[in-house]
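Contents: one structure, followed by commentary.
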Amino acid sequence: MTDLSGKVALVTGSARGIGRAIALRYAALGANVVVNYAGNKDAAQDTVQDIRNLKAQAIAVQADVSDLTALEDLFQQALTEFGKIDIVVANAGVEIVDQAIADVTEEQFDRLFAINTKGAFFTLQKAAKYVEDKGRIIYIGSSTGQLAMSGVGLYGSSKMAPRYAAQVLAQEVGNRGITVNSIIPTAIEGAGVFTHVPEDSPLREVAKGMRPIDGRFGRAEDVADAAEYFAGPLAHWVSGQNLLISGGAQQ
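Going by the working numbering, 167 is the number at position 159 of the sequence shown; the sequence numbering is gapless.
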């Protein structure tokens, strides 16, 4: 098992879903965690309490990652509380699904690109500035950015740019021993795109063919497994990679 004792992890969008699973995993491995949330304070406080129950320290910090002043404050609060940051996971995001590109409004476009693209990009930038040497930076992307699927054109488009930025950043911070990698999940039960897809949507029919292992959707804990790997010592020579978490559905 990976030992993260003494490490400090900042995970954006970690009140629920994939971000919460990663935050709890890091805490179970010994790390102290900064739990970031946009609006659901109760869920964030529940995550903090669960982390403390694992004998790790945690704080919850409200910040909309698309607001660069709030994003800077998030990192500053982490540094004030813990004195350093070793791991940053850029996970925060929003979804609009089951909507054709022809029906996307300017308001929807601006919202998704503000959070999923701008927010993730500048989270990566702040991470490069503040993370310790030999630290870890991880971006949580989406397979919708590489698999053309009707109904997720806007969401998938908004998730692609940070993947490229992460690969470039890996080159720019490698001389400090920092690794930068992306985790690319497919359908995750109870998280991401498929949280909001109606039961009668054609997207669910597509997703049924995306469960080759155990006949199930992915789970947030499956993504946390990958986040554990990238945060640990075994991944010290792995950087600039996109790790697809699909159970073999996509290759």
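Ideal Cβ positions, reconstructed from N, Cα and C, are used throughout, including at glycine.
Annotated as distal: Ala71 and Ala39, with beta-carbon spacing of 9 Å or more. Sequence-distant Cβ neighbours of Arg171 in its own chain, meaning closer than 8 Å and more than five residues away, are Tyr147, Gly149, Gly153, Ser190, Ile192, Asn250. CA-CA distance, Gln85 to Leu76, rounds to 14 Å.
Judged by DSSP secondary structure, Leu87 falls within the alpha helix (DSSP H) whose first and last residues are 76-90. Taking a contact to require three or more Cβ pairs closer than 8 Å, the stretch 82-102 and the stretch 40-58 qualify as touching.
Our two residues, Leu62 and Ile109, have alpha carbons roughly 44 Å apart in a direct line. The C-alpha of Glu229 is placed about 25 Å away from the C-alpha of Met157.
Burial state of Leu132 is buried, judged by a 10 Å Cβ sphere holding 16 or more other Cβ atoms.
Collapsing the DSSP output to three states places Ser166 in a helix.
When secondary structure is reduced to three states using DSSP, Gly256 falls in the coil class, being assigned neither helix nor strand.
For Gln70, the enclosing beta strand (DSSP E) has its first and last residue at 66-70. A contact between stretches requires three or more CB pairs, one per stretch, nearer than 8 Å, and the stretch 233-244 fails this requirement with the stretch 173-184.
Secondary structure of Ile104 (DSSP, three-state): coil. By the criterion of a C-beta distance shorter than 7 Å, Asp11 is surrounded in its chain by Leu37, Gly38, once the five residues flanking it on both sides are discounted.
Closest option to Thr55, judged by alpha-carbon separation, among Gln179, Ile196, Ala66: Ala66.
Contact check for Phe130 and Ala169: beta-carbon distance about 12 Å, past the 8 Å limit, so the pair fails to qualify. Within 10 angstroms of the beta-carbon of Lys49 lie fewer than 16 other beta-carbons, which makes it exposed. Between Arg119 and Ile95, the C-beta spacing is not below 9 Å.
Under the DSSP assignment, Arg33 falls in the alpha helix (DSSP H) whose first and last residues are 25-36. The shortest C-alpha to C-alpha distance from Asp81 to any of Gly101, Tyr138, Gln116 is the one to Tyr138. The C-alpha of Thr187 is placed about 6 Å away from the C-alpha of Ala178.
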